[in-house]
Every structure is written in structure tokens, then in C-alpha cells.
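S.K.: With the first letter of the sequence shown counted as 1, position 105 gets the number 313 in my numbering; the numbers rise by one all the way through. Glycine residues also receive a C-beta, built at the ideal position from the N, C-alpha and C atoms. The structure displayed is predicted, hence computed values, not measured ones.
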Amino acid sequence: MLSKIIEWSLNNRLTVLVLSFVLVLTGLWSLRELPIDAFPDTTPVQIQINTVTPSLSPEEVEQQVTLPVELAISGLPGLQVVRSISKFGFSQVTAIFDDRTDIYLARQVVNERLQTVELPEGIGPPKLGPVSTGLGEVFHYVLSSSQRDLTELRTLHDWVAKPILRSVPGVAEVNSWGGFVKQYHVLVDPLRLRKFDLGIDDLREALEKNNANMGGGNVVQAGEQLLVHGVGLVTTVPQIANIVIASHDGVPIKVRDVADVEVGHEIRRGAVTAMGEGEALLGLGFMLMGENTRVVAQKLEDRMEEVRDALPSDVNIDVVYNRMDLVDKVLHTARKNLFEGALLVIAVLFALMGNLRAGLIVALAIP
């Protein structure tokens, strides 16, 4: 059989050369498209279920949130392990499935089960984590400014930089570390509230009802249809302070009469320092499971110019970690080792065979 193949190859040299050329081109194209990473990703098929639980202690989070979520997803097809973390204000349940389970099918069945979970009032709904793995962090960058505080940096990142980077193909999530999430705080004075015979529920209801835009139909005037739109969405401290809670003897009682309104931030559970120059804001780009690390990281790097153009001139954004650089170093080391190994093998073949032609023929078969 082998002799016939050799004979056919010698009689059809042009065909063999063309097929060899096509095979080489196919190999080069496959090499470029091959997902390459610096680390082997051994993360199993897993889904994280995150729930924000304001003001609850770890014990309460475990009893009122984590346990109901665990019971809801138990018994799912392919489910192997369920583990959880319960801490102040946060619950995370991780469901690990069999490696043969499709990640999107698993997310679908988990999401269906979560619709049946009943949590205490005021607890955020359980949300699925991004379709990423433990090695999904491929891109880190830092926002800093000498003229803006951490609240402004966080706002700029969440509303300017983050949406731009989230649109990059292959990106599962862009997270923020550090900074402060802006909030408007209404600091109630119980004595002033009691003075007007009002309760916390009255204040809360007034704030909810007076913080929305409403449509009011239309008015026809001179043959022209005009839309009626009530603008009530509050955006500043004075607007919140002037919301009317109730009326006492014909005199409106406003929020400022029973409380102080100020700009604040939500409770944070972490901080970031950069370059030894104090606090900054760190952005993390996560890659979708199964994507090519080099391709996604390069696209994020290219999109950074668009982010810089969108941010104010006094805000600096610097890339501090790009997985592509690490992958390139790993590939360089692998090429160097392969080249040195090939030279050593060729030298040994020449020394043992004592024939230059035979040594070259064997050496050509090394790749």
C-alpha cells in the first residue's frame, strides 16, 4: 500500500505540490483562528446567582435568601454541586453542572426555577452572573483624575466608558471596582416628622409618586396636535427637597420641612489604589466563555481610543493588564524552545547518520 502511494506521488508531482500548498495554507489559517491562552481553562460549567440584600446580616442572608435559592435550583438535570457565600448585604450561589451540559441551556433552566423563589420585601431579585469563567478577566484599566472625586469617576465609568466596552464582540461583562455609586440621601428627623403628624411611609410614598414622568394625552390647537407630558423626574437636591408630602391647614409640608437632603453614595465594600498615588477606579473586562483571548483583548485595546475621546480631557484612563501581552510572551517562549529543540534534533541526526541528505530528509519531517 505504501509503495503504491509513493509511486502515485512520484507520477503526480504537480498534484502533490498543490495539495501540500493547500494543506499548509489551511494549517496557517487554522493556527490564526485557534483560541490560544496563557493558562488552561479548567473551569467547569457553572452559573453564579447573585442577590443584593441591603442591611441584612450574614445569618439573615443565609436563612432568608441563600437557602431559598439553593432549594429552588436543587434537582436540575446535570446539576452536580451547589455552593454558596452569604455575607453582609450580598448572597452568591454557584451551581456547577456536568461538563457535557450546554451553558445556555443550564442558564435557561436555572432562570426558570428562580421565577418561583419568594424573597422578603425589599430584597433584590436573584440575577445570573455573566457567561464567563474563572479565567475570564482579560483586561484591566484604571481611571484617575486630579480634578474629580471618586463619585464622579464612578459615574463617568458606568455611563460613558462601560457601555462602549460592553459593545465589543466577545465581552461578557465590564465591572467597576472602587469609587462611589452616587445616591441622593433623605435624612429624616423623627421629631420634625412627628411635629406634622406624619410617618415614614408618608414620606416614602410621596418620594415614589413624585419621581416620574407621565403622559397626559394630547391637545388639538389650531389644527395641530400637541402632546401633553408631565415632567416630574427629580434630578437635583432642591427638587427632592421641594416635593410636597401633605398639606396642614392649607400649608404644604415639603420634604425639606421634615428631612435634610444631600448627595451621598451607597455603602461600598472595596477600594482600589493605583501607582501609589491614592484611590482610583478600576475597570475589569470579562471575556465570554469559549472566545479567543487574544482577539477579545485586542478589540478592547482598540476600543480604548473611543473611550478616551468620550471622556472629559481631565480624566486619564490607562491599561494596567492585557492578557494578550501575557499570551504573546508565552507564544514567544514556546517558539524559542521549539526552535532550539529542532536545532538540537537536527544536529543529533547529522551526527548519528553521517549523511547530510538523510539527515535533512528526517529533519523536514519534524514539523
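1) For residue 341, which residues in the same chain have their Cβ closer than 6 Å to its Cβ, ignoring the five residues on either side in sequence?
2) I'd like the list of long-range same chain contacts for residue 532, defined as Cβ closer than 6 Å, with 5 residues on each side in sequence excluded.
3) Give me the DSSP bridge partner(s) of residue 348.
4) Would you mind stating whether residue 508 and residue 466 have Cβ atoms separated by less than 8 Å?
5) I want to know whether the stretch 284-293 touches the stretch 376-386 - three or more CB-CB distances under 8 Å.
6) Does DSSP put residue 280 in a helix, in a strand, or in coil?
7) Which stretch, first to last residue, makes up the beta strand (DSSP E) that contains residue 435?
8) Assuming residue 349 and residue 528 form a contact by the criterion Cβ under 8 Å, report the distance between their Cβ atoms to the nearest whole angstrom.
9) Considering only the beta carbon of each residue, do residue 494 and residue 344 sit closer than 8 Å?
10) Measuring alpha carbon to alpha carbon, tell me which residue in 569, 486, 480, 484 is nearest residue 492.
11) For the stretch 414-475, which segments carrying the beta strand (DSSP E) assignment without a break, of at least 3 residues, lie completely within its bounds, in sequence order?
12) Taking residue 245 as the reference, give the member of 562, 539, 555, 565 with the closest Cα.
13) When DSSP labels each residue in this structure, what does residue 217 get in the three-state scheme?
14) Let's see if you can read the secondary structure: which residues bound the beta strand (DSSP E) around residue 304?
15) On the DSSP letters alone, give me the boundaries of the beta strand (DSSP E) that residue 259 sits inside.
16) Assign residue 391 to one of three DSSP states: helix, strand, or coil.
17) Tell me, please, whether the stretch 388-402 touches the stretch 453-467 by the rule of three or more beta-carbon pairs shorter than 8 Å.
18) If contacts are defined as beta-carbon pairs under 8 Å, then residue 277 and residue 257 qualify, I think. What distance do you get, rounded to the angstrom?
19) I need the DSSP call for residue 288, collapsed to helix, strand or coil.
20) Taking residue 355 as the reference, give the member of 522, 514, 548 with the closest Cα.
M.R.: Put simply:
1) 249, 251, 497
2) 502, 505, 506
3) 492, 529
4) no
5) no
6) helix
7) 432-438
8) Residue 349 to residue 528, Cβ: 6 Å. Contact.
9) Yes, the Cβ-Cβ distance between residue 494 and residue 344 is below 8 Å.
10) Ranking the options by Cα distance to residue 492, first place goes to 480.
11) Correct list: 422-429, 432-438, 452-456, 459-462, 467-473.
12) 539
13) helix
14) 298-305
15) 253-260
16) strand
17) yes
18) 6 Å
19) Residue state, collapsed to three classes: strand.
20) Per the Cα distances, 522.
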